[in-house]
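Please read the structure below before turning to the comments.
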Amino acid sequence: WGYAWPAYAAAFLNFLSLFSVFIWLPETSPRGAERAAAAGGNAFSWRALTTALRRPLVGPVLQVRFVFALSFSTFATVFAIYAEFGLGYSAQTTAYLLAYVGGLMVVVQSLLIAPLTVRFGEKRLLLYSIFLMTLSLIGWAFSRNLILLGLVLIPLALAGGVFNTVINSLLSKLVPEYEVGGMLGISASLESSTRIIAPSIGGYLMQNFGLSAPGVVSAAILLAVLPSAWRLFRERKRSPEE
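Numbering (full-length UniProt numbering), first residue to last: 1 to 242.
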């Protein structure tokens, strides 16, 4: 149907999402929200971001969130190029693979998060997710056939689905109730910013250093942050704000 129709479909779905928010999502006003609004606590700004990054527990968690998102976004933004020009897959096959990853993440976030959290706890799940994503990105870097790629994408989707859900849950517990919305907004903004950076990084690495470079470098970035994440999540004590 041409290149324009996916954009039309995405725009239509986004409109449905916006419409649903206005119709079905109730307005919430937790205790202290007025005080936070008066102080600018829920307004996103550069100052709010830098202030959040300097907070004792929140800042390091946001930094880990950014690094993980950068690695995952590098995979997501260059995967189509990797699949088409590196492996020779058609646009339709590439779309099926991305839908496969998305479907796996939906299953993880809707069915597996609750039992996994009960079994392991949030901190250990975050550590396991970082480690699993590191291994998955290395596996992706060296996957050269459809079967191997399909197998590698399973732990990658598991790690991404678990981390993105649990990290927001943890952040919401590190701040007072009236700051939760603003903090989750900052977290989402950091994640979105990686989608600006990641295509340039991934494209440059693939063009200059080969097909495996984006996966290897993304895994190396996560591996570098793993010791800090281990100390942060393993030794985390309750914040006075909790």
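Even glycine gets a Cβ: it sits at the ideal position worked out from N, Cα and C.
Outcome for residue i when other beta-carbon atoms lying within 10 angstroms are tallied against a minimum of 16
{"i": "Phe214", "result": "First, the residue type needs correcting, since residue 214 is Pro and not Phe in the sequence shown. Buried, since its Cβ has 16 or more Cβ neighbours within 10 Å."}
{"i": "Ala11", "result": "exposed"}
{"i": "Thr50", "result": "exposed"}
{"i": "Leu13", "result": "exposed"}
{"i": "Phe75", "result": "buried"}
{"i": "Ile167", "result": "buried"}
{"i": "Val108", "result": "buried"}
{"i": "Ile147", "result": "exposed"}
{"i": "Ser218", "result": "buried"}
{"i": "Gly2", "result": "exposed"}
{"i": "Leu16", "result": "exposed"}
Whole-number beta carbon distance between residue j and residue i, since they are thought to touch under 8 angstroms
{"i": "Ser136", "j": "Leu156", "result": "4 angstroms"}
{"i": "residue 269", "j": "Gly59", "result": "No information on residue 269 is available, as it lies outside the stretch 1 to 242 that the chain covers here."}
{"i": "Trp230", "j": "Leu127", "result": "6 angstroms"}
Residue of the options minimising C-alpha distance to residue i
{"i": "Leu226", "options": "Val67, Val217, Pro199 and Leu205", "result": "Val67"}
{"i": "Leu98", "options": "Leu149, Lys123 and Thr51", "result": "Leu149"}
{"i": "Gly185", "options": "Leu18, Gly2, Trp46 and Leu16", "result": "Trp46"}
{"i": "Ile201", "options": "Ser189, Leu190, Val216 and Ala188", "result": "Val216"}
{"i": "Leu222", "options": "Val106, Val58 and Phe72", "result": "Phe72"}
{"i": "Leu232", "options": "Pro6, Ala4 and Leu62", "result": "Leu62"}
{"i": "Trp140", "options": "Arg124, Val21 and Ala83", "result": "Ala83"}
{"i": "Gln92", "options": "Pro6, Gln207, Ile197 and Val152", "result": "Pro6"}
Distance, residue j Cα to residue i Cα
{"i": "Gly121", "j": "Pro56", "result": "21 angstroms"}
{"i": "Leu70", "j": "Leu211", "result": "18 angstroms"}
{"i": "Ile130", "j": "Arg234", "result": "13 angstroms"}
{"i": "Ser193", "j": "Pro199", "result": "11 angstroms"}
{"i": "Leu190", "j": "Leu87", "result": "31 angstroms"}
{"i": "Ser90", "j": "Tyr96", "result": "10 angstroms"}
{"i": "Ile154", "j": "Val101", "result": "7 angstroms"}
{"i": "Leu112", "j": "Leu104", "result": "11 angstroms"}
{"i": "Ile138", "j": "Asn208", "result": "18 angstroms"}
{"i": "Val106", "j": "Tyr204", "result": "31 angstroms"}
{"i": "Val64", "j": "Ser110", "result": "24 angstroms"}
{"i": "Leu151", "j": "Met133", "result": "13 angstroms"}
{"i": "Phe19", "j": "Ala9", "result": "15 angstroms"}
{"i": "Gly182", "j": "Val21", "result": "18 angstroms"}
{"i": "Arg54", "j": "Ala220", "result": "25 angstroms"}
{"i": "Val180", "j": "Ala224", "result": "29 angstroms"}
{"i": "Gly195", "j": "Met206", "result": "Contrary to the premise, residue 195 reads as Arg rather than Gly in this sequence. When rounded, the distance between both Cα atoms is 17 angstroms."}
{"i": "Asn145", "j": "Leu158", "result": "21 angstroms"}
{"i": "Tyr178", "j": "Ile197", "result": "31 angstroms"}
{"i": "Ser169", "j": "Ala188", "result": "13 angstroms"}
Worksheet item: Between the segment 104-122 and the segment 159-170, do at least 3 Cβ pairs fall closer than 8 angstroms?
Response: Three or more Cβ pairs closer than 8 angstroms define a contact, and the segment 104-122 meets that threshold against the segment 159-170.
Discussion item. Contact between the segment 173-191 and the segment 78-98 is defined here as three or more beta-carbon pairs at a separation below 8 angstroms; is this criterion met?
Written reply: no
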